[in-house]
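>
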Amino acid sequence: MIIDADVVTLSRLQFALTAMYHFLFVPLTLGLVWMLAIMESVYVMTGREVWKQMVRFWGVLFGINFAMGVATGVTMEFQFGMNWAYYSHYVGDIFGAPLAIEGLMAFFLEATLIGVFFMGWDRISRIKHLLVTWFLALGTSLSALWILVANAWMQHPVGSEFNPTTMRMEVTSFSEVFFNPVAQEKFVHTVSAGYVLGAMFVLSISAWYLLRGRNVDFAKRSMTVAASFGLAAALSVVVLGDASGYTVSLNQKMKMAAIEAMWHTEPAPAPFTVFGLPDVQRRSTDYAVKIPWVMGLIGTRSIDETMPGIAELVETAKGRIGTGIQAYDAMLVLRQDRNNAKARATLAAHDKDLGYALLLKKYVDDPRQATPADIQKAADSTIPNVPVLFWAFRIMVGCGFYFIALFAFSFWKASTRKLDTQRWYLRLALWSLPLPWVAIELGWVVAEYGRQPWAIEGVLPTALGVSSVSAGQVMTSLGGFVLFYTALAVVDVFLMLKFVRKGPDGLGIWPSTDGPLLPAERGLG
Amino acid sequence: MFDYESLRVIWWALLGTLLIGFAIMDGFDFGVAALLKLLGRDNEERQVLLEGIEPTWEGNQVWFILAGGAAFAAWPMLYAVSFSGMYFAIALVLLALILRPVGFNFRGKIHDPRWASLWDWVLSGSGLVVMLVAGVAFGNLFLGLPFRFDGDLRMSWQGSFFDLLHPFALLCGLVSLAMLLAHGSCFAAMKADHAIAARAVVVGRWTTLLFAVLYVLAGVWLAWGIPGHAIAGPVVTDGPANPLFKQVAVGGSWFAGYMQYPWFWLAPLLALASAVGVQALIGRRSLAGFIASSLMVGGTIASAGFALFPFLLPSSLDPRSGLTVWDASSSRGTLQLMLLATAVLLPIVMLYTGWVYRVMRGRVTLEQVRKAHGGY
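The listed protein sequences derive, respectively, from chains A and B.
Heads up, the first sequence is in full-length UniProt numbering, so the first residue is 1 and it goes up one at a time.
Heads up, the second sequence is in full-length UniProt numbering, so the first residue is 1 and it goes up one at a time.
#1: Does any C-beta atom of chain A lie closer than 8 Å to the C-beta of alanine 33 of chain B?
#2: Please state whether DSSP places aspartate 193 of chain B in a helix, a strand or coil.
#3: Spatial neighbours of isoleucine 440 of chain A within its chain, please: CB distance less than 6 Å, with the 5 preceding and 5 following residues excluded, ordered by chain position.
#4: How about glycine 523 of chain A: is its C-beta nearer than 8 Å to some C-beta of chain B?
#5: Just curious, the alpha helix (DSSP H) that valine 50 of chain A is in, first and last residue?
#6: Output needed for alanine 223 of chain B: all residues of its chain with C-beta closer than 7 Å, excluding positions within five of it in sequence on either side, in chain order.
#7: Cβ atoms of isoleucine 127 of chain A and valine 44 of chain A: under 8 Å apart, would you say?
#8: How would you write the range of the alpha helix (DSSP H) that phenylalanine 138 of chain B sits in, first residue to last?
#9: Is there at least one Cβ from chain B nearer than 8 Å to threonine 513 of chain A's Cβ?
#10: Alpha carbon to alpha carbon, how far is glycine 151 of chain B from lysine 498 of chain A?
#11: From glycine 374 of chain B to isoleucine 114 of chain A, what distance separates their C-alpha atoms?
#12: Does the distance from the CB of proline 314 of chain B to the CB of histidine 194 of chain B come in under 8 Å?
#13: If the cut is a Cβ gap below 9 Å, which residues of chain A does threonine 353 of chain B touch?
#14: Pick out the complete alpha helix (DSSP H) segments inside the stretch 297 to 343 of chain A, 4 residues or longer, and give them in chain order.
#15: Please classify asparagine 140 of chain B as buried or exposed, where buried requires at least 16 other C-beta atoms within 10 Å of its C-beta.
#16: When you compare the CB positions of valine 356 of chain B and lysine 191 of chain B, do they come within less than 8 Å of one another, or not?
#17: Considering only residues of the same chain and omitting the five flanking positions on each side of glycine 523 of chain A, which have a CB-CB separation below 6 Å?
#18: Using 8 Å as the threshold, is the stretch 248 to 262 of chain A in touch with the stretch 304 to 313 of chain A, meaning 3 or more CB pairs across them?
#19: Give the DSSP-derived three-state secondary structure of proline 461 of chain A in the structure shown.
#20: Just reading off the alpha helix (DSSP H) that glycine 283 of chain B is part of, what are its end residues?
#21: Between which two residues does the alpha helix (DSSP H) harbouring glutamate 54 of chain B extend?
#22: Please check if any C-beta of chain A sits within less than 8 Å of the C-beta of glutamate 54 of chain B.
#23: Using a C-beta to C-beta distance shorter than 7 Å, which residues of chain B count as neighbours of histidine 89 of chain A?
#24: Is alanine 34 of chain B closer than 8 Å to leucine 128 of chain B when the C-beta atoms are compared?
#25: Check each candidate in B:Asp42, B:Leu153, B:Ile301 and B:Gly277 and name the one with the smallest Cα separation from residue 385 of chain B.
#26: Examine chain B for any beta-carbon lying closer than 8 Å to the beta-carbon of arginine 56 of chain A, and answer yes or no.
#27: Going along chain A, which residues have a C-beta under 7 Å from serine 156 of chain B?
#28: Taking 6 Å as the limit between beta carbons, can you name the residues of its chain near glycine 245 of chain A, skipping five residues before and five after?
#29: Identify the contact partners of tyrosine 4 of chain B in chain A, using a Cβ-Cβ distance below 8 Å as the criterion.
#30: List the residues of chain B that alanine 137 of chain A touches, going by C-beta distances under 8 Å, in chain order.
#31: Quick check on DSSP: helix, strand or coil for serine 156 of chain B?
#32: Given a limit of 8 Å on CB to CB distance, which residues of the stretch 163 to 179 of chain A reach chain B?
#33: With a threshold of 8 Å between beta carbons, is threonine 207 of chain B in contact with chain A?
#34: What are the residues in the stretch 101 to 116 of chain B lying within 8 Å of chain A by C-beta distance?
#35: Hey, which unbroken runs of the beta strand (DSSP E) at 3 residues or more fall wholly within the stretch 303 to 339 of chain B?
#36: Mapping DSSP to helix, strand and coil, what is threonine 513 of chain A?
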C-alpha cells in the first residue's frame, strides 16, 4: 500500500509544530528550576529573607511556564499513537521503554512535588522545602535524560535488530540503548541550553527592573545568580555541542555533510564553510568563505581522515538500497515460510540495510520491482534540506558564542558590583531575551529536520511511520492545535507580562517581611 | 527470570493496575471538578473544592501518562491501534487533559469572577469528557473495534467517531461517569468544609446508587446481548507477538472466563459490595467512605478486564486481528526490563506520593480560603 503523501506531510507538520511549541516551555523549566534551587539554598544557608522572596517571585513565573510545559507535553505522548501508529508498532519495543521510565522516575517526581513547592511553605520545615525544590529540579533534568535517550535512539539506533516474525525492531541490549553515546552528549547539550535560557530569562527581566530603577537589590542579586549560572551553562552548551558534532559526524554522516553543505568529499582535513549560499539544484555552494582544516578537526579529530561529501553518500545509499532489496525479498519469503533457513541467513546478513529498501515504498508498492530510476530517486531522497540545515546550524552556533560573551561580561560586572552602571549593557541584556529560544528551536531543526528522510536513522523512513488515518482527520486535529495553542500562547504571554510588570514590589513580595502566601503564588489565587 | 507467558500475564495485570491507579487517583479529581458548580454555590465554595485537589491532581494525572507510556513500551500494538483508531475520541481526551494544568494554574492569576467562572466551566467540562470517553472506549472493546492488519502489520481502520457511540458503549460511559462522580463526592465529603461536604454526601449516595444499577444493567446486557470473542484452536501463550498467527471464534460469551476461573467473580462482587459500603460510610466515616469508593472503582475496572481476558482489543472487522495478551506484547527482554524498572520505581513513587498527601492533609475550610484571599 502506497502511503497518502498528504497524511505524511500533515502528520510531520503537526509533530513539528507541537514539538517545537512544547520546546518553548521545557527548556525554561529546566533552567529556571535550578535557579530557584540555588536561590533557595542561599536562603537556607544565610537565612536572609530576600533570597526566599526571590524564590517566591521567580516561582510565580516558573509556575505559569511549568503548567504550559506539562500541558503541551501530554500532546507529545498522544501524538505517537495518534499520528504515528506504524512507527509506534515498529519501534515501540525499544522506544517505549525510556518514555515509560521517564514517567516513573522523573515526571511523577516533578508533578507530585510541584504542589508542595507552591503550597508547602508553611507546612514543612525550611530544609524539607529546600529538598523538595532540589528534587523538583532533579526530576526535570532526569525527565530530559530519558526523553533524550529515546531521541538518541532515533538518531543512532543501537542495541536492536529487526524481527521478521513480528515485523518490528526488537531490543537486543538495553545497556547499549541507555548508554548510547549520542544520548549522553545530547543530554548535556540540551539541558545546558535550557540552563542558558533560564539564566537569560532572569538576567533580562532583572535588567529591565534596573533600567526602571525598581527592585534594585532584588534584581542585582538575581542577576548575579543568572550571570554565574549562565556562564557555566553557556560554556557547557558550546563544548558539548562540539562533542555532539563529532558524534554526528561518526553516526549521521549525511546530516553532517548537509550542515556543512559539503557536496563532495574534500581532501583531509576538510575546511569549514563560514558563509555561503548552498544551491540545491546545482549541488554547489556559491560565495563560500572557507577556513581551512577546521571542519576536519571538528568532525574527525584528526588531520588525515576524510569526511564524505553528499554525492559520495548518495552513492553509498544506492548500494545499501540494493542490498536492502535482498533483505526485503528474504523477509517476504520468511512470511510465507518461517523456517526457510536460506532466507533467514540472507536477512541476517543484510537486515541493517532493510530500511533503505523501505525508502523505495514512496515510489513503488513492492521494492523488488523498483527500476534504476526509482533507486536513484530513493538515494537522492536521503539528502536533507541543505540550505535550511546550513543556516540553522550557523545561527545556532553564532548565538552560542554570543551567550558566552554576554554571560562572561555579566559575570565580570557582577563580580565588580557594577551591574547597574551602564544602561547600554542593561538594554543589551534585556533585548537578548529571545535569542536562547531562537538557538534552541534551531537546534531542534538541525537535529530532527536534519534526520530526514528517516524517522529512525537508516531503519524506518518517516513516510512509513504514519497512522492509517485520513488527511482530513490530521488536518482537523492540526487546525484544532493551531487555534488552541495560539489561544494558550496569548494567555501565557499576557500572564507572564502581567506578573513581570507587577514585579516583586507590585506583588507585595519585596520588600516585605515573611508575609502570608500570595494569591498569585497559588494557582487558584 | 520469568518466562514469556508469565511476563505477559504480569504486564496485563500491571497495565490494569496502572489504569485502576489512574481511575482511583485522578478519578476523584475529575469527579470533584465535574461537580464544581453543583457542590460549590459561590466562588469561595468552589475555591474550597479546588484547593482540596490542587496540591495533588498533577501527580495523579501522571498515572494516566504512565499507563500510556507502559502501553507504548509493553503493548505497542495496543497503544498504536487504540490511539490512531479512536482518533477523535482520543483527541477529545487530549484536549481535556491539556486544559487541566493551565486551568488550575491560570484560574487565580486574574482577579475577575468571570475569569474564574470560565475556568470552572473548563475544569468541569474536562472532567466530564474524560470520564465519559473513557467509559465509552471501554464499552467499545466488548463490541470489537473495526480494524485489521495487513501482512506488514500495518493497521487499517474502517469506522468513524460516531460509530463508537453504540448504545452499549454509551451505557458504559454512564457507568464510568456515575462511578467517578460518586468517587469524587466521597473525596469532597472527606476534604471540603462541612457545609459543602454535606452536599457531597447526598450527591455521593445518589450517584453510587445510579452506578450500581447501571453497572448491573451493563453486565446483564453483556451476558445476553453481546457476543464474546475466544481464541479458536490451540492457544500459544509464549509465541511471537503477531496477532495474525491465531484464529478467533465469535459468538460465545464474554463471561466464559468467569466460568473457567470462578475467582474472577470477586471483582464484580467487590464493586457492588463497595457500593453498599459507600452508602453506609460516606456520611459518617468519610475516610472509610473514600476507601470504599476507591475499591468500587478498582473492582469495576478489574471486572471488565477479566471479562475481556485474554483479549485486550478485539476486532469486529477481522476477529483474528484482535489483540490478545498472548500476541500483542513487546519482546521478552523489554517486558523483563520494564518489570524491573517498575518494581524498583513504583514503590518509591508511592512513598513520596504518600508523604505529599500527609503534608497536605486536613479539610480545606471556608475560613482558610477567606483568610488566604482576604487581599481582594
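Heads up, the beta-carbon is just placed ideally off N, CA and C, and yes, glycines get one too.
Small disclaimer: the values here were computed from a predicted structure and weren't measured.
Taking the structure as given:
#1: Chain A contact via Cβ: absent.
#2: Looking at aspartate 193 of chain B - three-state DSSP - the assignment turns out to be coil, as it is neither helix nor strand.
#3: Within the same chain, isoleucine 440 of chain A has close Cβ partners Pro27 and Ala193.
#4: Low confidence applies here, because glycine 523 of chain A scores a pLDDT of 46, under 50, leaving its location unreliable and the question unanswered by this model.
#5: Residues 49 to 83.
#6: The residues are Ser253 and Phe255.
#7: Against a cut-off of 8 Å, the Cβ pair of isoleucine 127 of chain A and valine 44 of chain A comes out as a contact.
#8: From DSSP, the alpha helix (DSSP H) with phenylalanine 138 of chain B extends over 113 to 143.
#9: Residue placement at threonine 513 of chain A is poorly supported in this model, since its pLDDT is 48, which falls under 50; the coordinates still yield a value, given next. No, no contact with chain B.
#10: If I take the Cα positions, the gap works out to 57 Å.
#11: Its pLDDT being 47, under 50, glycine 374 of chain B is placed unreliably by the model, and nothing is read from it.
#12: A distance of 8 Å or more separates the beta carbons of proline 314 of chain B and histidine 194 of chain B.
#13: Listed along chain A, the residues sitting closer than 9 Å to threonine 353 of chain B by beta-carbon distance are Phe108 and Thr112.
#14: For the stretch 297 to 343 of chain A, whole alpha helix (DSSP H) runs of length 4 or above, ordered along the chain, are 310 to 336.
#15: Buried, by the Cβ-count rule.
#16: It is not a contact, given that the beta carbons lie outside the stated cut-off.
#17: The predicted position of glycine 523 of chain A is uncertain, since its pLDDT is 46 and thus under 50; no value can be drawn from it.
#18: Touching, yes, given that three or more Cβ pairs across the two stretches are closer than 8 Å.
#19: In the structure shown, proline 461 of chain A sits in a strand (DSSP, three-state: E or B).
#20: If you look at glycine 283 of chain B, you'll find it isn't in any alpha helix (DSSP H); DSSP assigns it neither H nor E.
#21: In the DSSP annotation of this structure, glutamate 54 of chain B is not part of any alpha helix (DSSP H), being labelled neither H nor E.
#22: True, the Cβ-Cβ gap to chain A drops below 8 Å.
#23: Within 7 Å Cβ-Cβ: Pro76, Met77, Ala80 and Leu153.
#24: For leucine 128 of chain B and alanine 34 of chain B, yes; Cβs fall inside 8 Å.
#25: Residue 385 of chain B is absent from the structure shown; chain B starts at 1 and stops at 376.
#26: No, no contact with chain B.
#27: Simply Ser468.
#28: Non-local beta-carbon contacts of glycine 245 of chain A in its own chain, meaning distances under 6 Å to residues more than five positions away in sequence, involve Ile298 in chain order.
#29: Neighbours of tyrosine 4 of chain B on chain A: none; closest Cβ ~12 Å, over 8 Å.
#30: The premise fails here: alanine 137 of chain A is roughly 15 Å from chain B at the closest Cβ pair, so nothing lies under 8 Å.
#31: Of the three classes helix, strand and coil, the one that applies to serine 156 of chain B here is strand, per DSSP.
#32: If the cut-off is 8 Å between Cβ atoms, the stretch 163 to 179 of chain A has Asn163, Thr165, Thr166, Met167, Arg168, Glu170, Val171, Thr172 and Phe174 near chain B.
#33: For threonine 207 of chain B, the answer is no, since every Cβ of chain A falls outside 8 Å of its Cβ.
#34: Cβ contacts with chain A come from Pro101, Val102, Phe104, Asn105, Phe106, Arg107, Gly108, Lys109, Ile110 and His111.
#35: Whole beta strand (DSSP E) segments, 3+ residues: 311 to 313.
#36: Interpretation of threonine 513 of chain A is limited by its pLDDT of 48, a score under 50 that renders its predicted location unreliable; no figure is taken from the coordinates.
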